[in-house]
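Visitor:
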Ligand SMILES: Nc1ncnc2c1ncn2[C@@H]1O[C@H](COP(=O)(O)O)[C@@H](O)[C@H]1O
Ligand SMILES: Nc1ncnc2c1ncn2[C@@H]1O[C@H](COP(=O)(O)O)[C@@H](O)[C@H]1O
Ligand SMILES: Nc1ncnc2c1ncn2[C@@H]1O[C@H](COP(=O)(O)O)[C@@H](O)[C@H]1O
Ligand code: NA
Ligand code: NA
Ligand code: NA
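Residue numbers (this note's numbering), protein chains in the order written: chain V, 1 to 325; chain C, 1 to 325; chain A, 1 to 325; chain S, 1 to 103; chain L, 1 to 103; chain G, 1 to 103.
Okay, structure coming up:
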């Protein structure tokens, strides 16, 4: 318990968390501080490229075994099934109707790559490292949850065909393609490749992450300021309980596969995190009736900060205890 | 004298000054070289974050004493009072009417953070370092001058109420919030935090500053090309004399408080510099009748280049002599 | 032969090439991955500034001699004359009319600075280094080809006056001004200047290049997907044969002047490369009747990838054999 | 100068639907359109701004198309099918255009 | 398709006044508007461009609002109070809109 | 509110020709215009998008000018000379403006 608390305290007072808090505070104070859209996108391209590449290079260094395949499959299974749990919980805990509940559920089955990135850097500073291929697992977990959500809605009568075009958009959305592509490049070019671009993707990484989290704080804060009234106690509770549940599913998966303490932590983080880029876009296309303020506020305004501050240290501590690592 | 000249020569031939000159020259030659707005904003976010953080980390390292409070108070006093001097001078030296004179005066009471940043890097290469909290002093000096200018106008009859909304906008403008926020983050996370993001905010800093000054040269050059005809000899002279006067006020403040040679230099630079971001925006809201071409051309086209090239080495030399440092 | 193949293989599996391939693949798969326009421009500003500065710093370090002047003159001559060859070839190999053929020819007489940048980094990893002033040669080779193309058209009757305004635009376009300006700054500030901004322009350079090539892959891929049908076999062949011809002209020039193996390689690369930024813009002004899809697809979709993957290693190998370096 | 009667249709639509809309316009025989970026706005579903956003979800595009009057109805039908379930607005203005052969 | 008469109001205003304008519009009962970025322009006070600018001072925004005809006057009154002392232009065009229930 | 009849001219033109166009407008006595960025579009010469582009070659600008009705013809003549050989479209709409003294 002490270890968790001290880790959480360290984490809370790190530049990346404080940058997020600064963004939140600036938004609440209605400062005009803002990051241009193009710059925010540029930062996210950098983060995806860097995290993907490093994952690939790490796979090149450590080799792979069957745990890679098992992890990918487990990721798929989690992404497909978590929305069902989330949907059930939401129907019980909140007054959301089917469409809104399914839309929210899709977000929790999918993942947030920035949470993953932040988690990885906490792992690194705690002296742990996850399996490099976990970025590939992150990529496969983005999309399936969307299918589950649409299936949940179809089940309840309001047939909603997933058209092929949307399917293609979701599977080939920019984040997935860049993450997987950079992963493959890192894998192919290995240590040599990493040496060439290390001072771009490794050294300044945490600093870039600070600026990006500042921006996320601004966006989340503005969203919260506008939509906090939508957050009923039930929804708020869901936004904190659901990641814990997800993390336990991730724990189970990671332990069954036999991942390292780092890998198990990352699995927990992935399962606990909620999408705020790919899934919202897909929901606007497939479920325009669902209120975006609900799912965005919950995912970006509640669950993301929770994971960033308390969640990650908790998952890490649990993973350490569970794996004895 | 020799020391000043050699320092000035060194300074004039540094990459950052030459980048500014390149921008000026490109604008004069009507090249289509330009930095996208989003990129310019991104660079300025980086510079504010980095300079704020480093200031905070330096405070964490050296501790603080009552000079911090005294410096903040002195900064406030300077920012409030310099516009009064500037206004008087302008009324004597130039044919500007009350509104234009007050608007210009507001710019000189406030500060230019890029001049501060450039000055800091000259200090560093001269082996000096100012008190880390001078970035906080920079932040408190941004806004008061605006109030003084509005008071100057109110005095002369043309009542102009400063509405609360504008007040909030000015106090919480993005640059102030980011600068102060990053300062606090640097202070809280200290040496540990700095170590984490050093290769982002320290190593590439001067290079980023070069690109930003290239952009400032382009913007200043375009402004000058369009509005140089507004610069009467009286105004031009003001644009060079006023920073010198300001710097002496800064010198007095720094000496009274007992700052180091670096700290005194920074105080001089702040007092000598003229705003070109926050104050122009506030003036457009509060004094739309004032001609922006006058204050922008003077601040960005005359005083900024003067400080960058000659002013900083002069202030530094004076500070060294005065403090015996 | 083996050396070429192994160099080509190394090159093909480098992060920069694979990043380009990733972009191409993403565009072909119709992923929505994209780099914001402002970010792409920001990256290109960085690359131009860095390559120019490093060239200048290298001149400051090694001094210059008459080969500088000779190289500049040779660059001018090549840029003026290559379009004539290209035009003749196009009239024979493809069904393009005079206007389209002249427009394409202008692109091949001019140069692609990214090809130059990529070539320089291959040189560096092969342990070679070209004369630093080759970036100045690159700059002088941008514009003359445009004049040649307009002259080719005028010859064939369709008089097309090059107005002074366009001339100025072309000579002072942003890339030339930044490249030459940064070169001069690097030259003036020399080793001192380089030391100040090295961790900005040297260390992260290859990583930035990766992101930029990813973007170029996306843009090239989208262009190809839309316009591949315009590429008749004759045009396709031209897109591969013309760079080889150009490179031989560059080889002759470099050998006559007596450049190092690195310098000869760079001359070959410049002569082989085809513009895709400055010349297209000039052609839209001067020859609006020419179909941009043809020249852009050929230059960016065929010749650029060819040079990037196979061309550069070939030129390098030839230059080594020819110079015995 | 010689001008010709035409219609200017302006459709403000969610960015995620932009491609579907322009595909539908092309399907309806529209020969040209221009897409303007949108920075923010407000409507019944609340206010929004693109500042700092990465996802395409919270953003709109503005598609402007100049068409011959007789093509208005097919265009509106096609556009309506896409915007129907989505937020956004469609407006039509009378205008005159140069170079009618282009439409 | 069924369309309805409406007005399209386009206000080009200094960026620093944008928030004050949209607040005033909301105060006047306007239910929706869209903000387009502006890249540059020229007028009696000279030419300007956003290239390389960091300050919001030298920039304009374009606010477009579609409204029912009867709301035009309150909107213009409200807008006028904000733009009065400032540079910028206001234009009104007749238009037809789909889905009138949205306005 | 007091409004005045005016014309709203919207010219979508290749970015490389923007400066030439606005110079021509100024030559024709136009007192003001606003330039909006354009993100993409489609026409007889194909579809295009600014995403990831560095060159100004493949891009368009949108120039909007409000003018007194009597200035329409000189404006169109001037604009036509610039756009003549180039891709792009020109449209004119009737509108009402506030503060006619500004035009
Ligand atoms: N009356 C209107 N005039 C202009 N734009 C509008 C209007 N109503 C809605 N919009 C735009 O369409 C978006 C969605 O509107 P709504 O469906 O009302 O939430 C808004 O955020 C605006 O960008
Ligand atoms: N007639 C006009 N048509 C379109 N935009 C205009 C017009 N006049 C002014 N503007 C815009 O409003 C800004 C300020 O105009 P002004 O107040 O005339 O200096 C200009 O820079 C343009 O962006
Ligand atoms: N009918 C139209 N409505 C709106 N914009 C158009 C139209 N036709 C062409 N454009 C714009 O002008 C560009 C060039 O058109 P075009 O000359 O037809 O290839 C297109 O890419 C569009 O941005
Ligand atoms: Na999840
Ligand atoms: Na000052
Ligand atoms: Na060439």
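For each residue, glycine too, the CB sits at the ideal point set by N, CA and C.
1) Would you identify the three-state DSSP class for residue 88/S, choosing helix, strand or coil?
2) Closer than 9 Å by beta-carbon distance: list the chain A residues that pair up with residue 17/V, in chain order.
3) Along the alpha helix (DSSP H) that carries residue 409/C, what are the first and last residues, could you check?
4) Is there contact here, the stretch 24-35 of chain V with the stretch 217-226 of chain V, by at least three beta-carbon pairs under 8 Å?
5) Could you give the C-beta distance for residue 246/V and residue 94/V, rounded to a whole number, given that I count them as a contact under 8 Å?
6) Would residue 66/V pass as an interface residue toward chain A - the criterion being a Cβ-Cβ separation below 8 Å?
7) Threshold first: 4 residues or longer. Then list the alpha helix (DSSP H) segments lying entirely within the stretch 85-149 of chain C, N to C.
8) Could you check how far apart the C-beta atoms of residue 95/L and residue 93/S are, in whole angstroms? I think they sit under 8 Å.
9) For a quick check, are the C-beta atoms of residue 297/A and residue 274/A less than 8 Å apart?
10) Output, in chain order, the set of chain S residues within a Cβ distance shorter than 9 Å of residue 93/G.
11) Under a three-way DSSP split, which group does residue 110/G fall into?
12) What is the rounded straight-line gap between the Cα of residue 103/A and the Cα of residue 59/G?
13) Sort out for me which residues DSSP pairs residue 6/G with in a bridge.
14) Could you work out which residues of chain C lie near residue 39/V, taking near to mean beta carbons separated by less than 8 Å?
15) With DSSP run on the structure shown, which of helix, strand or coil describes residue 175/A?
16) Is residue 29/S near ligand 3, going by C-beta to nearest heavy atom under 7 Å?
17) Which residues, taken in chain order from the stretch 113-136 of chain C, show a beta carbon closer than 8 Å to some beta carbon of chain A?
18) Residues in its own chain within less than 6 Å of residue 267/C by CB, not counting five upstream and five downstream?
19) Buried or exposed: where does residue 5/S fall if 16 or more other Cβ atoms within 10 Å of its Cβ makes it buried?
20) Considering only their Cβ atoms, is the gap separating residue 284/C from residue 57/L smaller than 8 Å?
21) Is residue 77/G buried or exposed, if buried means 16 or more other CB atoms sit within 10 Å of its CB?
22) Grouping DSSP H, G and I as helix and E and B as strand, with all else coil, what is residue 31/C?
23) Quick test of your reading: residue 67/S and residue 7/S, contact by CB under 8 Å. State the CB separation rounded to the nearest angstrom.
24) Assign residue 170/C to buried or exposed, taking buried as 16 or more other Cβ atoms, counted over all protein chains shown, within 10 Å of its Cβ.
25) Am I right that residue 145/V and residue 101/V are in contact with their C-beta atoms under 8 Å? What's the rounded C-beta distance?
26) Which residues of chain L have a Cβ atom closer than 7 Å to the Cβ of residue 277/C, listed in chain order?
27) Under the criterion of a Cβ to heavy atom distance below 7 Å, does residue 113/A qualify as lining ligand 6?
28) Would you mind stating whether residue 83/A and residue 149/A have Cβ atoms separated by less than 8 Å?
29) Just to confirm, are residue 209/V and residue 16/V a CB contact at a threshold of 8 Å?
30) Along the chain, where does the alpha helix (DSSP H) containing residue 40/G start, and where does it finish?
31) Is there a C-beta anywhere in chain C that falls below 8 Å from the one on residue 313/V?
32) For residue 92/V, tell me which candidate among 238/V, 81/V, 311/V and 259/V has the shortest Cα-Cα distance.
33) I'd like to check one pair, residue 48/A with residue 113/A: are the Cβ atoms closer than 8 Å?
34) Measure from the C-beta of residue 97/C to each C-beta in chain L and report whether the shortest distance is under 8 Å.
35) At a CB distance below 7 Å, what residues from the stretch 192-225 of chain A approach chain V? Give them in sequence order.
Guide: To lay it out plainly:
1) In the three-state reduction of the DSSP assignment, residue 88/S falls in the strand class.
2) What residue 17/V touches in chain A: nothing, since even the nearest Cβ is about 25 Å away.
3) Residue 409/C lies beyond the range of chain C shown here (1 to 325); nothing can be said about it.
4) yes
5) Not really, about 17 Å apart at Cβ, beyond 8 Å.
6) no
7) 98-109, 113-125 and 134-140
8) Their Cβ separation, rounded to whole angstroms, is 5 Å, which keeps residue 95/L and residue 93/S in contact under 8 Å.
9) no
10) By Cβ distance, chain S contributes 8, 93, 94, 95 and 96.
11) With chain G covering only 1 through 103, there is no way to say anything about residue 110/G.
12) Approximately 18 Å between the Cα atoms of the pair.
13) 95/G
14) Under the 8 Å cutoff, chain C gives 38, 39, 41, 42 and 45.
15) helix
16) Judged by the Cβ position, residue 29/S fails to qualify as a neighbour of ligand 3 at the 7 Å threshold, every heavy atom of the ligand being at least this far.
17) Cβ contacts with chain A: 125.
18) 250, 253 and 254
19) exposed
20) Yes, Cβ-Cβ distance for residue 57/L and residue 284/C is below 8 Å.
21) Residue 77/G sits exposed, since fewer than 16 C-beta atoms from the chains shown fall within 10 Å of its C-beta.
22) coil
23) 5 Å
24) buried
25) Their Cβ separation, rounded to whole angstroms, is 13 Å, which puts residue 145/V and residue 101/V out of contact at 8 Å.
26) 54 and 55
27) no
28) Against a cut-off of 8 Å, the Cβ pair of residue 149/A and residue 83/A comes out as a contact.
29) yes
30) That residue, residue 40/G, is in no alpha helix (DSSP H); its beta strand (DSSP E) goes 40-43.
31) no
32) 238/V
33) yes
34) no
35) 203, 204, 206, 207, 208, 210 and 211
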